[in-house]
Structure formats: structure tokens, C-alpha cells
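A short write-up of the structure that comes next.
Residue numbers (my numbering): 84 to 343.
In C-alpha cells:
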């Protein structure tokens with residue numbers, strides 16, 4: 084399933100005609116999916132928690148579809164402590180994967196354990212690079228890849244760059260980060276803009292400011308901070324994006340838990 088879902092969320096609103104300038108390539112009658120396409124997918128992200136969240140959600144494509152994931156997004160956040168890698172690294176894995184647990188009903192034991200292990204690896208990356216953001220974007224010289232695909236069939240499920248990132252992550256101890264999953268992550272986090280050129284979001288994503296940019300102007304001073312101090316500083320920046328994120332996926336935040 085991962086391969087089939089790795090390409091662009093090709094969606095359009097139900098009330099948009101094919102000749103409309105704002106047409107999205109394919110009809111998908113799911114409002115949460117439309118909002119994800121129209122407001123998040125392809126927008127460059129530089130916030131560590133958001134990057135980790137999108138990595139986890141992209142990894143879940145091996146077991147779920149994007150609409151299923153988005154409808155459960157708040158549950159993902161509750162289980163994984165708002166994607167705080169420090170908190171996740173301390174989660175009791177036995178309780179997390181226990182039969183009957185909420186998490187166990189969401190993802191397989193293998194996927195759940197992978198999230199915890201990946202949180203630990205992200206902390207090591209923060210120690211080495213200063214942030215997960217710098218690590219991810221460093222593969223692209225800190226500039227998003229701008230694809231200019233005209234047809235859905237041109238959108239790949241993986242790329243040489245995704246393969247490079249995947250191999251490095253695997254070498255570092257990450258789990259469940261094959262090139263197809265990494266390419267889905269790159270698309271969602273705006274490391275690559277794979278909106279079709281005919282999609283109204285193509286130009287907007289190219290021109291969009293980042294949702295929450297890590298402060299690279301203080302790189303020298305941050306290098307002198309301890310790992311704990313740096314993590315605290317990064318987390319304080321990430322909290323500023325929470326309100327924007329809640330607005331972006333507001334259509335799923337109000338769902339009662341029994342609907343997940």
C-alpha cells in the first residue's frame with residue numbers, strides 16, 4: 084500500500100469544475116484530505132516536531148491510507164505526546180504495544196516500536212546537527228526540490244534523493260524508513276514540491292514562507308549549548324506552530340475517539 088499512496092494527494096473539491104483555475108487533479112470526497120492537500124502538503128516545514136510527525140504519518144502509509152491517517156491524526160498526537168522525541172523516547176514500550184491498548188488498535192507492534200526507536204535516533208541527530216530540520220534539509224542544500232510534473236503518471240513513488248536519505252537513516256538506526264516512505268515524507272514536508280504544474284497549489288507552495296523555521300542565524304551560539312539546553316530551545320520554538328497546525332487540520336480535531 085505504501086507504494087500506491089506515495090504519490091501526490093491528487094484531490095479537488097466537490098464543487099470545482101474541471102475547467103476551474105483552482106481545479107485539483109482527481110476527485111476525492113474526503114474534506115480532511117482536501118484540506119491536507121490545499122493547506123499542508125508540499126509546504127516547506129522546518130519545525131522538528133512537525134517533521135517527526137510527518138515522518139511517522141508517512142510511515143503509517145504502509146498500513147493505512149492518507150484519509151484514514153488524517154482522520155486519526157489527533158489520536159496519533161495523543162499517543163505520541165505531540166511528537167516530542169524526548170517524551171516518546173521514554174515511553175514504556177510494553178504498555179504501548181499491549182493487546183487492547185489504544186496504540187495497538189492504531190498501528191502494528193512493529194510500527195509502534197519503530198516510532199519509539201526513531202525518536203531516540205532523532206535525539207542523537209539533534210546532538211550532532213543541532214536539529215532534525217538541519218539534518219533533513221541538509222541533503223537538499225536547504226532548498227526544496229521543485230518538480231514540474233504535468234501528469235499524475237509522472238509523479239514517482241521514490242527518488243535517488245529519497246534513497247540517499249533512507250540509506251543514511253537506516254545506517255543511523257532508524258526503522259521503517261525505506262525510500263518510498265521517505266519520498267512520501269519529502270512530499271508532505273515540502274522537501275519536494277510535487278503538486279502538478281496545473282494545480283493551484285504548485286505556485287503557492289513555491290512562494291510560501293515556512294510554517295516554522297528553525298533559527299539558523301544563531302547557529303554559532305547554539306553550538307555552545309548543551310544537548311538538553313538545545314532541545315529545550317527547539318521545543319519552545321516548536322510550540323509556536325501548534326495553533327497554526329490546529330487550524331490546518333481542524334476538521335479532524337473534533338472527532339469523538341470512538342470514531343477513530
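Every residue, glycine too, gets a C-beta built ideally from N, C-alpha and C.
Where the alpha helix (DSSP H) through residue i begins and ends
i           : result
residue 249 : 243 to 255
residue 221 : 215 to 221
residue 240 : Where residue 240 is concerned, there is no enclosing alpha helix (DSSP H), given that its DSSP letter is neither H nor E.
residue 116 : 114 to 118
residue 139 : 131 to 142
residue 150 : 149 to 154
residue 289 : 283 to 290
residue 212 : 192 to 212
residue 176 : 176 to 180
residue 168 : 168 to 172
Straight-line gap, residue i to residue j (C-alpha atoms, nearest Å)
i           : j           : result
residue 168 : residue 235 : 35 Å
residue 176 : residue 198 : 10 Å
residue 219 : residue 118 : 25 Å
residue 138 : residue 267 : 8 Å
residue 183 : residue 156 : 19 Å
residue 205 : residue 149 : 24 Å
residue 178 : residue 280 : 46 Å
residue 233 : residue 290 : 19 Å
residue 269 : residue 181 : 32 Å
residue 339 : residue 140 : For residue 339, the pLDDT reaches just 26, beneath the cut-off of 50, and the residue's location in the model is therefore unreliable, although a value from the coordinates is still provided. Near 20 Å, if we compare the C-alpha coordinates of residue 140 and residue 339.
residue 194 : residue 142 : 8 Å
residue 121 : residue 253 : 32 Å
residue 154 : residue 115 : 7 Å
residue 165 : residue 272 : 17 Å
residue 212 : residue 158 : 30 Å
residue 209 : residue 135 : 12 Å
residue 265 : residue 284 : 22 Å
residue 303 : residue 160 : Here the model assigns residue 303 a pLDDT of 38, short of 50, so the residue's position is not dependable, and the following value carries that caveat. Cα to Cα, residue 303 sits roughly 32 Å from residue 160.
residue 203 : residue 259 : 14 Å
residue 257 : residue 207 : 11 Å
residue 244 : residue 255 : 17 Å
residue 144 : residue 188 : 15 Å
residue 261 : residue 222 : 16 Å
residue 286 : residue 113 : 23 Å
Residue(s) in a DSSP beta bridge with residue i
i           : result
residue 275 : 228
Short CB-CB distance (under 8 Å) between residue i and chain D
i           : result
residue 266 : In summary, chain D is missing from the structure at hand, where a single protein chain is found.
Whether residue i touches residue j by CB criterion (8 Å)
i           : j           : result
residue 354 : residue 277 : Residue 354 lies beyond the range of the chain shown here (84 to 343); nothing can be said about it.
residue 275 : residue 230 : yes
residue 191 : residue 146 : yes
residue 126 : residue 282 : no
residue 186 : residue 162 : yes
Specify whether the region 199 to 209 and the region 170 to 188 touch according to this definition: at least 3 beta carbon pairs, one from each stretch, less than 8 Å apart. Short answer: they touch.
Are at least three pairs of beta-carbons, each pair with one atom in the region 203 to 217 and one in the region 124 to 131, less than 8 Å apart? At 8 Å Cβ cutoff, the stretches touch.
Between the region 224 to 233 and the region 246 to 253, do at least 3 Cβ pairs fall closer than 8 Å? Touching, no.
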